[in-house]
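Numbering (the numbering used here), first residue to last: 268 to 1155. Beneath this line is the structure, given in structure tokens, with notes to follow.
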Ligand code: ADP
Ligand code: MG
């Protein structure tokens, strides 16, 4: 790991050298662009787009584009990109990670590369860590893009009940009277936001939009364009810290819990051997004819039966309840397979005998057992779609990132994302003093010492920022400070916007701010507090009010430099870390809050032997050293060797976490390939692929399979009875080919004739209901099968993963098992889709009220411009009205 870092710094120098000529060229264009009128500057964009059209590459036009962007920034927001910021911009354009310290102006840096890449017209995304920054940064940089004739939008999560999937477009011609912070943010749709040249948003919103798009049933519902280029801000946080939890869209399974109870009750009235049989070895159980007849009778009596035969597709859902109830009743034993505790059914691990808390059997079996045990039947939530951030961000044609702290994780960025890290020098030399750690015997003494130090600085008037590792610890410190009567602010990353306001003032004289490590990330701490903002004339229609506001601002502006200088004189912001975090990166983040843009500042970490990292990973060495150094209860020791061993412990933990995340990626890669195939299929369906050909060839295959198995050579004579039964689940009976006539034909002829018959029926249907309707029906049937079975597949893969992990005990690599079995599951998924489609397609009715019901469609949306009445049965075959189903 350390060797890796060494080579990183060497190659870094070389890399920076290589970029110098590009910076020089950009600089040389500056005098020229400075002379342009605003309109001429805007026209640069068209000129550059034209150059791209004429075959020049983005690299060719980079200096001209950067020069234009820099000039636009200077004119609009009064910030001219520094040379080091140009370097950062080039690195971002090259699809790498720019490591730039906090306060170096990464928000501004991104505009260069976003502008350049947006010239291709393919849309660029800037990914922020929270929704507040998604709005702030788009709005803050908005004037730059606008001056260049590009559009910029922001997407963010719902803030209040009436804004669903909110999005805003920066538009200076629009003014929202009520919004005093961001008046020129025009509400737009998500789609419009993605149509903008540049879109800012959080990782979650981008990822969820991607998943939602892939659940849409009409192309017109897609909001995203193909994923072209993204810059991820605070990239370590998003691609490393957040990468441990995937994005999941889940829905509460729609289920009638009462049915579980009904079936549990009915099942107890069946008799073993007479009504059902058990095959112990395979752990299977089957209903006999007699059992079936009884069930049909009881269900008819209860009004649940939709068609006379239980195995009619219309009763599909019922058979699932039935199978589960039977299994639950005869195969699963209380206190062997599961226990019942406090009204919950808890699975017992068959390998270890341990209770598997929180885990549930899938597909309704758990509920069936709950019903059997007469405890409350729980509603289950199902995963409809899921993706890890690793795999979402790999979908972009080009990916780049920026953060203050990436170098320590360079290896991971490289291995998982193929992202290189380039360390960009600071604009002004860094003068912050980082003091060596102070090590205490226990946490109690440590916190007391921290409080004393805060008190000292506070009395001097120096602002102090204290980082804690958890909300709990920050509250603990807060209590200590309260007892000492030291006024302070507590932040814990719950309300980003409010925190931004507080942290922006953390540089005031005497300010004491206690924060967890994420709190206020992305917000600049300026010594002396935030500079007063000049009010805008147009925001004050009333002349008097304007005068008053403006005078107030003038007064504050005169005060501000005094305040600023005073804090500088005192030594700037002092940062205290109350514990070493598991990753050095996070500690560096905290330190980096001080000493921005050449500001003076200092930092110190306080450590105790009871701290998690020290305790778990380096405790003995640190302790040994301390004993050697002559350790006493109350005097802390401060020695670079101790800091070193703690750092080594951190490196160990980082490595461990990397392995965990790598593991997640290895697993997700398996499902990811499946997802690619399925999403690709979906997309083709929506784009109007010829489904008729597809579906008919599926029908053909299914028929061939059926005939082949009932006329198999292994049988003494062909099993026409089962063939007839099976066929009945696909097609209405053929007048020509049936139980009476099969024996007159050879197997090949049977297949031939059946296929002919199926095709004929299909054409007939098409003539009856019209080509347009049948195309819609094909699409909906395919989508529904694909989506339902894909959802089940996700659950199955999840279970497989849990099972695979058990193989570790048998010295078999779980990932090998997972890959192999996963492949088999995927094959059976494609087979099931075919089976499902073929068994639905001939049964779907558009024109009658009652259609045979199969599984519930889980996606509801309106296909555009098609003619299905709202009260008609849904063409997807669910049996519900269109308005309650796909037309919802
Ligand atoms: P980072 O994201 O790198 O921590 P920010 O983008 O939040 O930094 O910017 C930090 C501060 O530096 C902001 O107040 C911004 O206005 C200022 N800043 C950045 N670049 C420039 C520049 N070229 N000229 C003047 N001020 C700048
Ligand atoms: Mg930032």
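Note that the Cβ used here is the ideal one computed from N, Cα and C, for glycine as well. Every value quoted in this text rests on a predicted model; they were computed, and no experiment measured them.
In terms of side-chain proximity, the C-beta atom of residue 831 is found no nearer than 6 angstroms to any non-hydrogen atom of ligand 1.
Each of 454, 928, 1046 was checked against the Cα of residue 957, and the nearest Cα belongs to 1046. Rounded to the nearest whole angstrom, the CA to CA distance from residue 378 to residue 472 is 21 angstroms.
The three-state reading of DSSP puts residue 412 in helix, counting H, G and I together. Residue pairing of residue 499 in beta bridges, as defined by DSSP: 394, 668.
Remark: the shortest separation between the CB of residue 791 and any heavy atom of ligand 1 falls under 6 angstroms. Around the beta carbon of residue 306, a 10 Å sphere encloses fewer than 16 other beta carbons of the protein chains shown; the residue is thus reported as exposed.
In the assembly as shown, residue 803 is an exposed residue. Its beta-carbon has fewer than 16 other beta-carbons within 10 Å. Each of 410, 687, 607 was checked against the Cα of residue 309, and the nearest Cα belongs to 410. DSSP lists no beta-bridge partner residue for residue 724. Closer than 6 angstroms to some heavy atom of ligand 2: that describes the Cβ of residue 373. In the structure shown, the three-state DSSP call for residue 841 is strand. In the three-state DSSP reduction, residue 317 falls in the helix class (H, G or I).
945 is the residue among 987, 870, 945, 970 whose C-alpha sits nearest the C-alpha of residue 1059. Per the coordinates, the alpha-carbon of residue 939 lies some 15 angstroms from the alpha-carbon of residue 1096.
In this structure, the C-beta of residue 766 stays at least 6 angstroms away from each heavy atom of ligand 1. In this structure the stretch 316-328 does not touch the stretch 337-347; the number of beta carbon pairs closer than 8 angstroms is below three. If you draw a 10 Å sphere on the C-beta of residue 431, you find fewer than 16 other C-beta atoms in it, and that means exposed. The criterion of a C-beta distance shorter than 7 angstroms is satisfied by residue 480 and residue 489. Secondary structure in the stretch 896-961: the alpha helix (DSSP H) runs of 4 residues or longer, each lying completely within the stretch, are 907-953 in chain order.
The beta carbon of residue 434 sits closer than 8 angstroms to the beta carbons of 420, 421, 422, 423, 454, 455, 456, 457, 459, 460 from its chain, once the five residues preceding and following it are set aside; these are given in chain order.
The alpha carbon of residue 768 has as its nearest neighbour, out of 791, 777, 752, 776, the alpha carbon of 791. The beta carbon of residue 796 sits closer than 7 angstroms to the beta carbons of 772, 774, 775, 830 from its chain, once the five residues preceding and following it are set aside; these are given in chain order. Here the distance from the Cβ of residue 349 to the nearest heavy atom of ligand 1 is below 6 angstroms.
Setting aside the 5 residues that flank it on each side, residue 438 is surrounded in the same chain by 451, 453, each with a C-beta closer than 7 angstroms to its C-beta; the list follows chain order. Bridge partners of residue 652 according to DSSP: 516.
Bounds of the alpha helix (DSSP H) holding residue 1051 are 1038-1072.
With a threshold of 16 other beta carbon atoms within 10 Å, residue 705 meets it and is buried. For residue 868, the three-state secondary structure derived from DSSP is strand. Looking at the backbone, the Cα of residue 914 and that of residue 848 are separated by about 10 angstroms.
Assignment of residue 600 by DSSP, reduced to helix, strand and coil, places it in the coil class.
A distance below 7 angstroms between beta-carbons, with the five flanking residues on each side excluded, links residue 1018 to the following residues of its chain, in chain order: 970, 971, 974. Between the stretch 655-673 and the stretch 504-519 there are three or more inter-stretch CB-CB distances shorter than 8 angstroms, so the stretches are counted as touching.
Nearest neighbour of residue 698 by Cα position, chosen from 1099, 839, 727, 732, turns out to be 839.
Under the DSSP assignment, residue 535 falls outside any beta strand (DSSP E); it carries neither an H nor an E label. Under the DSSP assignment, residue 475 falls in the alpha helix (DSSP H) whose first and last residues are 470-480.
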